[in-house]
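Engineer:
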Amino acid sequence: MSTATPTDWQTRPAPQTAQDWIARAAAVAAVLATDAAERDHAGATPHAEIQLLKDSGLVTLLGPTEHGGAGQDWPTAYRVIREVAKADGSIGQLLGYHYLWNWAARLVGTREQWEHVEAEAAKGRWFFGGAVNPRDKDVVVTEDGDDLLFTGHKSFSTGSKVSDVTVLEGVFEGTDRHVFAIVPSDTEGLTFHDDWDNIGQRLTESGSVTLDRVRTPWASAAGYVDKEFQPRIYNTLNVPTIQLVFVSFYLGIAAGALDTAATYTRTKARSWLHGGHERAVDEPYVIDTYGDLTAKLWAVEALADAVAAEGQKLHEDPDAVTEQTRGDFEVRVAAVKARATDVALEIGNRIFEVTGARSTAGAEGLDRFWRNIRTHSLHDPVAYKRREVGRWVLEGELPEPTWYS
């Protein structure tokens, strides 16, 4: 791919504000957009694309400023993900998952642990992957002196071969106690497999991983003190936070689909021969469709921004999070996840109505937007998100914290 070199980015003024970082993300997206369709077709491991995220500084967005990070918040991160995903849904997902796993130490770790991880990640511009898939049989964790050994298999490990470090999750043998730990991605016993072959999100490196006695010090077990986990309600914010990551790249992909389709309609689409108009852009049904889809997208973007701001209040005071505030927030997230899914799928499908038969040519790459949304939106059934909202409305029922709610 054609990317800006590290020198190009390093000679530019460092972004200072949230808007500056969103603008930096848009600049990165402009680079990614130049060959997004070709890269999607090739399906090659996105080493250059991840280097672009590092060189531009986007990987350190949530990192502490004293260690070279940008010190930005989650609402800004969600907007940055949306900008990148407009050009490339796979890279938007990788960046979003990176932010999540970078934050995982703060989610479940002790202060000493997350301060160490965040400092080292910012200084080293680490890129995070994660071998955490709750649908699989859990990885078994055993003790070996002052070390822990992770053994098992996960069907998905997003970011695998492009990551510097990987978040592991498993269960202590013979118990129901889960443990998270961060290890270098080249750790002995950690084997990533080239078996990600799905119709969409092709560049996310989400293949399976085998863990064969992957060793890490007991001290890296997030949130454990003297081998006992120190629980907080804040630990349960993993699901609403990652679901907003999903919302962010769904909306980004949808916006990219609309932008790309509109360019095609303006420059390549032909008016219907019996419609009485010389240009496709003058067709009433074309105008109506773009107006309808844009209005729907804008409405969900506004809801997503509002919910992100509500969540930021919880992140700013983790010890004050209660079951009620966590539950109310998850319901709001469930609502925007449901609407983002529906609207993004509709946009990915209906753009062909206003671009015409020739736009289905493989070289145009318009199909990648729908394929990307359709693939990832199957992560968890959207009907269960609507159920969370409905039960809350009718009975005041709060979603039970699980891996998916």
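For what it's worth, this note's numbering labels the leading residue of the sequence shown as 244, then goes sequentially.
All C-beta atoms in this analysis are idealised placements derived from N, C-alpha and C, irrespective of residue type, glycine included.
Leaving aside the five residues before and after residue 436 along the sequence, list all residues of the same chain whose C-beta is less than 6 Å from its C-beta, in chain order.
Structural biologist: The residues are 450 and 451.
Engineer: Do the segment 590-608 and the segment 491-506 make contact, defined as three or more Cβ pairs closer than 8 Å?
Structural biologist: Yes, the segment 590-608 touches the segment 491-506.
Engineer: Tell me the DSSP secondary structure of residue 460 in three-state form.
Structural biologist: Strand, per DSSP.
Engineer: Enumerated in chain order, which unbroken segments of the beta strand (DSSP E) with a length of 3 residues or greater are wholly contained in the segment 402-446?
Structural biologist: List check, beta strand (DSSP E) in window: 408-415, 421-427 and 433-435.
Engineer: Of all the CB atoms in chain C, is at least one closer than 8 Å to the CB of residue 622?
Structural biologist: Here there is only one protein chain, and chain C is not present.
Engineer: Got a sec? Which residues, its chain only, sit under 6 Å from residue 362 by beta carbon, not counting five neighbours each side?
Structural biologist: Same-chain partners within the cutoff: 310.
Engineer: Do residue 373 and residue 321 have their beta-carbon atoms positioned less than 8 Å apart in this structure?
Structural biologist: No; because the gap between Cβ atoms is not below 8 Å, this pair is not in contact.
Engineer: Do you know offhand how far residue 468's Cα is from residue 390's?
Structural biologist: Distance between the alpha carbons of residue 468 and residue 390: 14 Å.
Engineer: Using only the alpha-carbon positions, how far apart do residue 633 and residue 262 sit?
Structural biologist: Cα to Cα, the separation comes out at about 35 Å.
Engineer: What residue does the alpha helix (DSSP H) around residue 391 start on, and which one ends it?
Structural biologist: No alpha helix (DSSP H) holds residue 391; the beta strand (DSSP E) holding it covers 390-397.
Engineer: Do you know offhand how far residue 473's Cα is from residue 430's?
Structural biologist: Distance between the alpha carbons of residue 473 and residue 430 is about 27 Å.
Engineer: How about residue 446 and residue 333: are their beta carbons less than 8 Å apart?
Structural biologist: Against a cut-off of 8 Å, the Cβ pair of residue 333 and residue 446 comes out as a contact.
Engineer: Suppose you measure from the CA of residue 346 to the CA of residue 529; what does that come to, to the nearest Å?
Structural biologist: Computed Cα separation, rounded: 43 Å.
Engineer: Of all the options 358, 508, 548 and 337, which has the alpha carbon lying nearest to the alpha carbon of residue 532?
Structural biologist: It is 508 whose Cα lies nearest to the Cα of residue 532.
Engineer: Between the segment 566-580 and the segment 477-494, are three or more C-beta pairs nearer than 8 Å?
Structural biologist: Short answer: they touch.
Engineer: On the DSSP bridge assignment, give the partners of residue 522 in chain order.
Structural biologist: Beta-bridge pairing links residue 522 to 513.
Engineer: Could you name the residues that DSSP lists as bridge partners for residue 632?
Structural biologist: Partner(s): none; residue 632 has no beta bridge.
Engineer: Note down the Cα distance separating residue 360 from residue 407, rounded to an integer number of angstroms.
Structural biologist: Cα to Cα, residue 360 sits roughly 13 Å from residue 407.
Engineer: Exposed or buried, residue 484, counting other C-beta atoms within 10 Å across all chains shown (16 or more means buried)?
Structural biologist: Flag for residue 484 reads buried.
Engineer: In chain order, what residues of the same chain lie with their CB nearer than 7 Å to the CB of residue 383, ignoring the 5 residues before and after it?
Structural biologist: 394, 395, 413, 414 and 416, listed in sequence order.
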